[in-house]
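Below is one structure, written out as structure tokens, with a few remarks after it.
Numbering (the working numbering), first residue to last: 17 to 156.
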């Protein structure tokens, strides 16, 4: 979201800034989308291991709340805006890695998901880079 602001400072053209930002976003999105299952599996294993150790030692472990405020908000957004808006806005506002993992968690069986994420990132990158360079021109 803030990366294009470095383009004018570094003396890059609009196209150079756009392509650099886009390639970084796409790389991160692809990496985290296709490895999201690994991260979710590791988290489940970690939670299970912690639970087993607590049971073996006779301790009671406080269960993590399944419906946290963040989870409720995410489910509400998912059901109200759908796949298009979630794939467009989640990587922008939550960061590319976290937004992509959330999209993959909810829509991993929909083959269009990764394409919606990539198109959304391209659109976000174009809009933000355009605003940065338009503001730069207005200031000069």
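Positions of the beta carbon are idealized from the N, C-alpha and C atoms, including for glycine.
Residue i versus the options, residue with shortest Cα-Cα distance
i	options	result
residue 120	39, 30, 51	51
residue 126	98, 58, 40, 142	98
residue 101	32, 137, 143	137
Status (buried if at least 16 other CB within 10 Å, exposed otherwise) for residue i
i	result
residue 140	buried
residue 123	buried
residue 82	exposed
residue 151	exposed
residue 18	exposed
residue 74	exposed
residue 5	Outside the displayed span of the chain (17 to 156) sits residue 5, for which this structure offers no information.
residue 114	exposed
residue 29	exposed
residue 64	exposed
residue 134	buried
Bounding residues of the alpha helix (DSSP H) (the contiguous stretch that carries residue i)
i	result
residue 22	22-26
residue 58	30-72
residue 91	85-110
Beta-carbon proximity of residue i to residue j, cut-off 8 Å
i	j	result
residue 145	residue 23	yes
residue 90	residue 48	no
residue 107	residue 45	yes
residue 77	residue 88	no
residue 142	residue 43	no
residue 20	residue 112	no
residue 118	residue 105	no
residue 103	residue 129	yes
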